[in-house]
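Asker: Residue numbers (this note's numbering): 389 to 598.
Backbone N, C-alpha and C fix where the C-beta goes; we use that ideal spot for every residue, glycine too.
Got a structure for you, questions after.
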Amino acid sequence: MPLIPEEPQIHESAQGPRATPAAGRPAPTPRPVPGPRSAASPRPGRPGPGPARPASPVPRPHTSAGQSPSSRPENRSARGTQPQLQVIPASAEGALDAAEEAVDLLLETGRAPGDILVLTTGEQHPWAAHELSFGDAAYWAQHDARDDVFFADATAVDRAAARPVVVVAVNGGDAGAAARALPAAMARASTLLIVCGDPQRINSVLGAGV
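As structure tokens, this is what we get:
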């Protein structure tokens, strides 16, 4: 008579790797979606500054009585008011990173993205370079919308409207780049001007103690 396998053998055949609960397997790591870096995209190792951040629920600071947010900077200068000046020491190579960190802090402390204009005296910010690839009109339409942080070359500062906060990265350019950019940037900052660069050079241009 043939032997009938014992029941323990049946139990043993049901055991194996398939008995491991699915919950024990590590979840696959999601892959980042590739795409061009914009101001909304984080720089490696830290959060990005960006226009993609949701606007803070804190209301935007009002400008002085009688001045609309889009008022040209000459109106503010005519009243003799000056923005607060903050200098962040940085080399030309590190000025753009310092400017982005300043923007991060402004947004984290409740400043609305549309309140901030960032200017560069040397190489353009990657977001500006990317957006300009779609055309000058589309790029400046974002400036006029005032919805987000706007990044521009300092040579185009005359085209920029006043904003409560202007951040300047002295990240290169010719010998006179800072001398041309900083007074114009100060004229466009209704509340705060942040300059990232060599303090001695900034002091010589603006004539302010730093």
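1) Compare the beta carbon distance of Ala548 and Arg576 with 8 Å and say whether it is the shorter of the two.
2) What's the C-alpha gap between Ser578 and Phe522?
3) Could you check whether the segment 519-538 touches the segment 470-489, counting it as contact only if at least three pairs of C-beta atoms, one from each stretch, sit closer than 8 Å?
4) How about Asp532 and Pro501: do their beta carbons lie closer than 8 Å?
5) Considering just the uninterrupted stretch of the alpha helix (DSSP H) at Gln588, what are its terminal residues?
6) Return the residue from the list Ala526, Ala567 and Ala563 that minimises the CA-CA distance to Val545.
7) By how many angstroms is the C-alpha of Pro571 removed from the C-alpha of Ser490?
8) Going straight from the alpha carbon of Asp503 to that of Ile582, what length do you get?
9) Can you grab the Cα-Cα spacing for the pair Gln530 / Asp562, in whole Å?
10) Since Leu580 and Gln472 should fall inside the 8 Å C-beta cutoff, what is the C-beta to C-beta distance between them, to a whole number of angstroms?
11) Among Gly564, Thr543, Pro477 and Gln474, which has the Cα closest to the Cα of Leu507?
12) Three-state secondary structure (DSSP) at Ala440?
13) Between Gly564, Val554 and Asp586, which lies nearest to Leu494 when the distance is taken from Cα to Cα?
Answerer: For this structure:
1) yes
2) 30 Å
3) no
4) no
5) For Gln588, the uninterrupted alpha helix (DSSP H) run begins and ends at Pro587 to Leu594, by DSSP.
6) Minimum Cα distance to Val545 is reached at Ala567.
7) Per the sequence shown, the amino acid found at residue 490 is Ala instead of Ser. Those two C-alpha atoms are separated by around 20 Å.
8) 13 Å
9) Between the alpha carbons of Gln530 and Asp562 lies a distance of about 28 Å.
10) At roughly 5 Å, the Cβ-Cβ gap stays under 8 Å, so Leu580 and Gln472 are in contact.
11) Thr543
12) With a pLDDT of 41 at Ala440, under the threshold of 50, the predicted position of this residue should be treated as unreliable, and no value is reported.
13) Val554
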